[in-house]
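Asker:
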Amino acid sequence: MVYQTFKGLNTVMPNIRPICKQCNKNYSAINYIRNGKTYYRSICDECGKKKNKIKPKQAGWEKAGYKKKQQCDICGFNSLYHTQITVFHIDGDLRNTKFNNLRSICLNCVEVIKRKEVTWKRGDLQVDY
Ligand SMILES: [Zn+2]
Ligand SMILES: [Zn+2]
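Read in numbering that gives the first Met the number 0, the sequence shown has 48 at position 49, and its numbers run on one by one without any break.
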């Protein structure tokens, strides 16, 4: 015996909330409400967040497997956050991702490099991996 306890529930909702296109699991996120009508996004909040986390493009050195160091290759500065260190291409060619063309340097040293030639520490031009 089935009791129709939820009878009439569907008519209470003015417009049907779509299901997320990405995960097919959650309800889509609300985009905006205009004139009492709710407009939805094609994906849910969760998938929207995940999407934002994905970087638009992976750097060449990242693809090549180079790991950014915590320490600056020029001044020896020890970074607290990985954003304090950037990967520098010695020959200026971003497509040249050979490890001996890559250096991890702090943002301070980037400023210096832009203005003058930097003499790399001896031994630095050999692949140390
Ligand atoms: Zn989703
Ligand atoms: Zn530095």
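A virtual CB, placed ideally from N, CA and C, is assigned to each residue, including glycine.
Based on the DSSP secondary-structure assignment, which residues constitute the bridge partners of Leu101?
Answerer: His88
Asker: Spatial neighbours of Cys19 within its chain, please: C-beta separation below 6 Å, excluding the five flanking residues on both sides.
Answerer: Asn25, Ser27, Ile42, Cys43, Cys46
Asker: Hey, out of Glu61, Asn95, Thr37, Gln69, whose CA is closest to Ile104's CA?
Answerer: Gln69
Asker: Report back the beta-carbon spacing between Asn30 and Arg40 to the nearest angstrom; my notes put them in contact at under 8 Å.
Answerer: 5 Å
Asker: Apply the 10 Å Cβ neighbour rule to Cys134 and answer buried if 16 or more other Cβ atoms are within range, or exposed otherwise.
Answerer: This structure does not reach residue 134, given that the chain is present from 0 up to 128, and the question cannot be answered.
Asker: With a threshold of 7 Å on Cβ separation, who are the neighbours of Lys67 within its own chain once the five nearest residues in sequence on each side are excluded?
Answerer: His81, Ile84, Val86, Ser103
Asker: If you measure from each residue's Cβ to the nearest non-hydrogen atom of ligand 2, which ones come out under 6 Å, in chain order?
Answerer: Cys71, Ile73, Cys74, Phe76, Ile104, Cys105, Asn107, Cys108
Asker: May I ask you to list the residues that DSSP assigns as paired with Lys36?
Answerer: Arg33
Asker: For Gln21, does the three-state DSSP call read helix, strand or coil?
Answerer: coil
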